[in-house]
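For the sequence shown, numbering that gives the first Met the number 0 begins at 0 and goes up steadily by one. Just so you know, even glycine gets a beta-carbon here, dropped at the ideal spot from N, CA and C. Reading through the structure tokens given below for one structure.
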Amino acid sequence: MAKKVHSSHPVLADDRSEYEAKREELKKAGVRYCLAAYTDVHGVGKAKCVPIDHFSGMMRGSELFTGAALDGLGQEPNDDELSVRPDLKRIVELPWMRGYAWAPGHLYFHHQPWPMCGRVVLQRAIDRAAALGYVFNLGIETEFYLVRRENGIVVPANPRDILAKAAYDITDLLANMPFMDEVIGYMNQLGWDVNSFDHEDSNSQFEFDFSYTDAMSMADRQTLWRMMMKEVARRHGFELTLMPKPYANRTGTGAHFNMSLADIRSGANLFADPDDPRGCGVSRLAYQFIAGVLAHAPALTAVAAPTVNSYKRLVKSGSMTGFTWAPIFRSYGGNNRTHMLRIPLTSPRVESRAVDATCNPYLAGAAYLQAGLDGIEKELDPGEPRRENMYLLSDAELSERGIKTLPRTLLEAVEAFETDPLMDRVFGQELKTAYVDLKSREWWDYHNQISPWEIQRYLTFF
0 MAKKVHSSHP VLADDRSEYE AKREELKKAG VRYCLAAYTD VHGVGKAKCV
50 PIDHFSGMMR GSELFTGAAL DGLGQEPNDD ELSVRPDLKR IVELPWMRGY
100 AWAPGHLYFH HQPWPMCGRV VLQRAIDRAA ALGYVFNLGI ETEFYLVRRE
150 NGIVVPANPR DILAKAAYDI TDLLANMPFM DEVIGYMNQL GWDVNSFDHE
200 DSNSQFEFDF SYTDAMSMAD RQTLWRMMMK EVARRHGFEL TLMPKPYANR
250 TGTGAHFNMS LADIRSGANL FADPDDPRGC GVSRLAYQFI AGVLAHAPAL
300 TAVAAPTVNS YKRLVKSGSM TGFTWAPIFR SYGGNNRTHM LRIPLTSPRV
350 ESRAVDATCN PYLAGAAYLQ AGLDGIEKEL DPGEPRRENM YLLSDAELSE
400 RGIKTLPRTL LEAVEAFETD PLMDRVFGQE LKTAYVDLKS REWWDYHNQI
450 SPWEIQRYLT FF
């Protein structure tokens with residue numbers, strides 16, 4: 000049976016009967032407060048807490064926010080406030096914090112969607128896909144570390160988790176089951192259908208796999224997941240970090256995007272082709288999507304890997320286990336983890352391994368979708384899939400094959416983002432300019448610091 004496709008447009012409760020019915024439903028469930036929520040440009044959740052008796056006003060946009068107080072919203076202190084209009088169908092009760100509901104929504108300004116809101120940017124990309132007959136489905140595999148502080152130093156949460164090759168280790172996975180069991184229970188209560196979880200490559204590093212959905216729902220899930228995981232980790236006496244590279248000599252942390260396009264009417268996966276002559280099991284449409292992503296990869300990296308620390312993950316060495324499992328090349332292959340884009344064996348989809356969990360999932364989702372659609376509209380072709388271990392190729396061999404690398408620093412990525420015309424279409428000129436300014440300042444703030452490494456190496460060297 001074909002999967003039923005739902006519109007991603009927000010349901011705004013202008014009908015009094017709709018919001019009164021929802022308010023009564025929430026009250027009967029024991030909800031006392033609602034979080035009128037959105038994210039800033041970093042993807043960090045923001046909200047006002049509203050007593051349930053004021054639910055109807057919240058749904059009509061009563062909660063106002065001073066945009067100038069946050070990064071990337073394009074407002075000055077003398078501007079009128081923004082309001083959040085929660086999406087009625089996406090309000091969820093917080094299973095780890097009974098009595099509260101999370102109500103994500105678009106930001107509005109004078110009753111119009113605010114173009115510098117991440118959800119509005121993603122909605123625009125989704126609408127473009129819908130006009131072409133597609134639904135963008137997305138799954139995010141987020142890795143994370145559990146850590147604690149010991150004499151001011153960040154160390155793995157479990158002091159017994161010390162294996163040099165820790166991937167899939169049973170003992171250390173089970174040692175963290177009180178935490179794992181609690182959060183998995185919450186995720187399943189939210190309907191996310193956790194299908195597996197494991198100990199990742201490094202010490203106290205883990206990953207959950209749960210069901211994919213449409214891109215807006217997945218971006219909402221990722222935002223809520225981050226809130227939930229950090230809070231539950233604190234209850235268990237440790238911290239959860241999504242920092243891409245918290246340890247120089249250990250594997251980094253990613254948030255792989257698993258992407259496909261479905262038919263907007265039937266829900267059929269349009270990336271599937273069991274007769275694919277290239278042997279990857281995907282369609283011509285999928286290859287065009289891949290080609291679009293590769294064509295815009297340098298610019299995409301600025302939103303998919305948006306921090307200074309992200310580029311310490313995107314290297315091919317520096318892990319205790321030999322490889323970092325992170326991509327550095329603008330290339331694709333079948334079930335091959337040394338590429339930016341991988342086509343897994345298990346289902347017809349495209350996985351980007353360049354994304355990390357510091358990204359704003361709304362902005363990154365919009366950018367990847369628009370890049371893929373650009374490849375489809377231009378009927379681009381990515382060439383044959385590469386099957387070799389990319390980490391083992393010399394610079395001469397890479398040059399001979401015409402393989403280029405992803406940006407090596409945040410500054411390089413931001414420069415590529417600034418000069419890619421597609422990013423104007425994705426973000427609009429105002430948000431694009433604000434993002435470039437913000438991330439350029441972040442780079443230079445970092446660059447102008449004097450690190451302990453520099454002091455140790457140069458202080459008395461000359």
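Cβ shell of residue i (< 6 Å), same chain only, five flanking positions each side left out
i, result
"residue 138", "211 and 257"
"residue 422", "298, 416 and 431"
"residue 282", "270 and 272"
"residue 290", "374, 379, 380 and 381"
"residue 541", "Given a span of 0 to 461 for the chain in the structure shown, any question on residue 541 remains unanswerable."
"residue 410", "442"
Through-space distance from residue j to residue i, alpha-carbon basis
i, j, result
"residue 404", "residue 394", "11 Å"
"residue 407", "residue 17", "50 Å"
"residue 440", "residue 303", "18 Å"
"residue 240", "residue 274", "42 Å"
"residue 54", "residue 22", "6 Å"
"residue 361", "residue 215", "7 Å"
"residue 69", "residue 428", "19 Å"
"residue 320", "residue 200", "Residue confidence is low: residue 320 scores 47 on pLDDT, short of 50, so the model does not pin down where it sits. Its coordinate-derived value is still stated next. Whole-angstrom Cα-Cα distance: 8 Å."
"residue 209", "residue 46", "26 Å"
"residue 311", "residue 305", "12 Å"
"residue 110", "residue 434", "24 Å"
"residue 169", "residue 325", "24 Å"
"residue 98", "residue 49", "12 Å"
"residue 61", "residue 19", "16 Å"
"residue 453", "residue 85", "49 Å"
"residue 276", "residue 363", "31 Å"
"residue 75", "residue 377", "39 Å"
"residue 392", "residue 330", "13 Å"
"residue 253", "residue 242", "9 Å"
"residue 412", "residue 437", "13 Å"
"residue 135", "residue 449", "44 Å"
"residue 141", "residue 130", "30 Å"
Classification of residue i by the beta-carbon crowding that lies within 10 angstroms, buried from 16 upward
i, result
"residue 345", "exposed"
"residue 65", "exposed"
"residue 342", "buried"
"residue 446", "exposed"
"residue 368", "buried"
"residue 286", "buried"
"residue 463", "Residue 463 falls outside the range modelled here, since the chain spans only 0 to 461, and no answer is possible."
"residue 327", "buried"
"residue 301", "buried"
"residue 125", "buried"
"residue 260", "buried"
"residue 456", "exposed"
"residue 191", "buried"
"residue 458", "exposed"
"residue 418", "exposed"
"residue 398", "exposed"
"residue 127", "buried"
Contacting residues, own chain, Cβ-Cβ under 8 Å from residue i (five flanking each side not counted)
i, result
"residue 219", "89 and 103"
"residue 112", "105, 106, 119 and 122"
"residue 154", "146, 147 and 148"
"residue 171", "157, 159, 160, 162, 165, 198, 202 and 203"
"residue 470", "The structure shown does not extend to residue 470, since the chain is modelled only from 0 to 461, so the question has no answer here."
"residue 174", "157, 159 and 160"
"residue 333", "278, 279, 341, 342, 344, 384 and 386"
"residue 143", "204, 205, 206, 228, 239, 240, 241, 252 and 356"
"residue 352", "253, 255, 324, 325, 326, 336, 338, 339, 340 and 341"
Cutoff 7 Å; reference residue i; Cβ partners in own chain excluding five residues on either side
i, result
"residue 179", "196"
"residue 44", "36, 38, 222 and 226"
"residue 1", "Legend: pLDDT at residue 1 = 38, less than 50; position of this residue unreliable, no value from coordinates given."
"residue 262", "132 and 269"
"residue 51", "22, 25, 26, 30, 31, 32 and 33"
"residue 95", "185, 227, 230 and 231"
"residue 116", "37, 105 and 106"
"residue 181", "231"
"residue 93", "99, 100 and 101"
heavy atom of the ligand FAD below 8 Å from residue i C-beta
i, result
"residue 24", "Although the ligand FAD was asked about, the structure shown includes no ligands whatsoever."
Check: Is the number of C-beta pairs between the region 377 to 384 and the region 288 to 297 that are closer than 8 Å three or more?
Finding: yes
Note to self: Counting beta carbon pairs with one atom in the region 18 to 32 and one in the region 75 to 82, are three or more of them shorter than 8 Å?
What the structure shows: no
Next item on the list: Would you list, in sequence order, the uninterrupted beta strand (DSSP E) runs of no fewer than 3 residues that lie entirely inside the region 238 to 268?
Entry: 238 to 240 and 254 to 262
Next item on the list: Pick out the complete beta strand (DSSP E) segments inside the region 372 to 449, 3 residues or longer, and give them in chain order.
Entry: none
Item checked: Ranges of the beta strand (DSSP E) found wholly within the region 73 to 114, counting only runs of at least 3 -> 81 to 85 and 99 to 108
Margin query: Quick check for students: name the residue ranges of the alpha helix (DSSP H) that lie wholly in the region 290 to 315, counting only runs of 4 or more.
Written below: 296 to 303 and 309 to 312
Next item on the list: Any chance you could list the beta strand (DSSP E) runs of at least 3 consecutive residues sitting entirely within the region 163 to 238, in chain order?
Entry: 193 to 198 and 204 to 209
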